[in-house]
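Residue numbers (the working numbering): 1205 to 1603. We put the CB at the ideal spot given by N, CA and C, even for glycine. The structure presented is a predicted model; accordingly, all values stated were derived computationally and were not measured. Step one of this worksheet: look at the structure below.
Structural data, given as structure tokens:
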């Protein structure tokens, strides 16, 4: 359920309204991610849980210079954990810490996939720790900020077609990891007694992944192409993009609360994937894939209904633009514009414990992939249809 490579699954209470109002509601300790300024509105508490994602992807109208299968459903069932803690230091200062996954992606095609020369494996995982402070300026306005310390792990694979050179399907796979530091800042304010606005900015994070590239099953001596089987030291520069989020929460009545929000993501930082391999020669020396992503907007609206002091019901809808265009969309991220509908509930059996659950259904517009033939990498074209189901559960304990 990633917008590009962005993940939203950092909170079950937030999923219930399709993450509308995430920067302006401060429902629980997950505000460490949603808006660190919101900590000033909380008592001492800890929140943690999981999101479970099941994606179904169909591939149709496939064609290309190579033959093969097009099974689809290449995204495995995923579990995404998250956890947060908030503690008041005094009336004005709060401390918090969060552990969550802001970015990720996973695609693993079958070995006989027709588009295997454009991509076989794509795995990106970013895990972030965020220690945070918030300060209450007055009864209406608070600010918050904290560094984001992240680790990224990535694997990219594809095949080369060397049949005309006396070989067959050669496999190339690059993997690596790195650490990076950014920051998350926010402000939250009551503009009226019933309306709260929030603004959050999450900075870019620069990574320089280092690892190795493995080349296997190349023809003898590369058939004169200078391609040699082996393991090479690889390096990939990647920038996780900055985001800006604005949201509004309005308490319509004692029972009804309305939420709305928008998120801007600067995906145009990802224009190409370049892996430099030390010691390799020929085409393996530098692996280059053009991406040319564009900046995106996501919009969400939602509502919460307080049934009684123990139960709250939530619902929301969201629209999320795809960063990839038809010209450059690839088998690695073959996703279109998406629509999300969500339902959720919160149950507080005691004054200390709250249990939140949520369900979200995602459906994307049809997305066309049309990648041309390159050296030893036959072209591939197809139409992708994607839907996904997400379930999340979260426990919050107030001290």
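query, result
"Might you give, ordered along the chain, the residues of its own chain that have their beta carbon closer than 7 angstroms to the beta carbon of residue 1277, omitting 5 neighbours on each side?", "1260, 1261"
"Leaving out the 5 sequence neighbours to the left and right, which residues in its chain are closer than 7 angstroms to residue 1483 when beta-carbon positions are compared?", "1436, 1437"
"What would DSSP say about residue 1238, mapped onto helix, strand or coil?", "helix"
"Below 8 angstroms between beta carbons: does that hold for residue 1522 and residue 1222?", "yes"
"How big is the Cα-Cα spacing for residue 1266 and residue 1317?", "11 angstroms"
"What is the DSSP secondary structure of residue 1419, reduced to helix, strand or coil?", "strand"
"Smallest Cα separation from residue 1334: which of 1387, 1496, 1294, 1248?", "1387"
"Work out the CA separation of residue 1441 and residue 1416 for me, nearest whole Å.", "14 angstroms"
"Go through its chain and collect everything with a Cβ distance to residue 1493's Cβ below 6 angstroms, but skip five positions before and after it.", "1477"
"Can you tell which of 1603, 1588, 1598 has the C-alpha that lies nearest to the C-alpha of residue 1274?", "1588"
"In terms of DSSP beta bridges, what is residue 1454 paired with?", "1399, 1462"
"From the DSSP output, in three-state form, read off residue 1262 for me.", "strand"
"What is the C-beta distance between residue 1468 and residue 1447, in whole angstroms, given that I count them as a contact (C-beta under 8 angstroms)?", "7 angstroms"
"Helix or strand or just coil, what does DSSP make of residue 1231?", "coil"
"Starting from residue 1218, follow the beta strand (DSSP E) in both directions and report where the run begins and ends.", "Element bounds for residue 1218: not the beta strand (DSSP E) but the alpha helix (DSSP H), 1216–1219."
"Figure out for me which residue from 1593, 1433, 1598 has the closest Cα to the Cα of residue 1542.", "1593"
"How would you label residue 1567, buried or exposed, when you count the other beta carbons within 10 angstroms and need 16 or more for buried?", "exposed"
"Could you give the residue range of the beta strand (DSSP E) that holds residue 1484?", "Note, residue 1484: premise wrong, no beta strand (DSSP E); not H, not E."
"For residue 1538 and residue 1571, I'd like the C-alpha separation in whole angstroms.", "6 angstroms"
"By DSSP, does residue 1472 sit in helix, in strand, or in coil?", "helix"
"Whose C-beta lies closer than 8 angstroms to the C-beta of residue 1475 among residues of the same chain, with five residues either side of it excluded?", "1494, 1495, 1496, 1497"
"Which first and last residues belong to the beta strand (DSSP E) in which residue 1553 is found?", "Element bounds for residue 1553: n/a, residue is neither H nor E."
"In whole angstroms, what separates the C-alpha of residue 1315 from that of residue 1462?", "48 angstroms"
"When the Cα of residue 1346 is compared with those of 1337, 1301, 1352, 1354, which residue comes out closest?", "1337"
"Let me know if residue 1322 comes out buried or exposed under the rule of 16 or more other beta-carbons within 10 Å of its beta-carbon.", "buried"
"Measuring alpha carbon to alpha carbon, tell me which of 1420, 1344, 1421 ends up nearest residue 1392.", "1344"
"On the DSSP letters alone, give me the boundaries of the beta strand (DSSP E) that residue 1532 sits inside.", "Residue 1532 -> no beta strand (DSSP E), and no H or E assigned at all."
"Would you kindly report the start and end of the unbroken beta strand (DSSP E) that includes residue 1301?", "1297–1312"
"Helix, strand or coil: which one does DSSP assign to residue 1338?", "strand"
"Using only alpha-carbon positions, find the residue among 1564, 1451, 1581 that is nearest to residue 1257.", "1564"
"Write down the C-beta distance between residue 1499 and residue 1490 rounded to the nearest angstrom, noting that I regard them as a contact closer than 8 angstroms.", "Contact doesn't hold; Cβ gap of about 27 angstroms is too wide."
"Quick check on the DSSP output: the beta strand (DSSP E) that includes residue 1352 runs from which residue to which?", "1345–1365"
"What separation, rounded to the nearest whole angstrom, lies between the Cα atoms of residue 1213 and residue 1450?", "18 angstroms"
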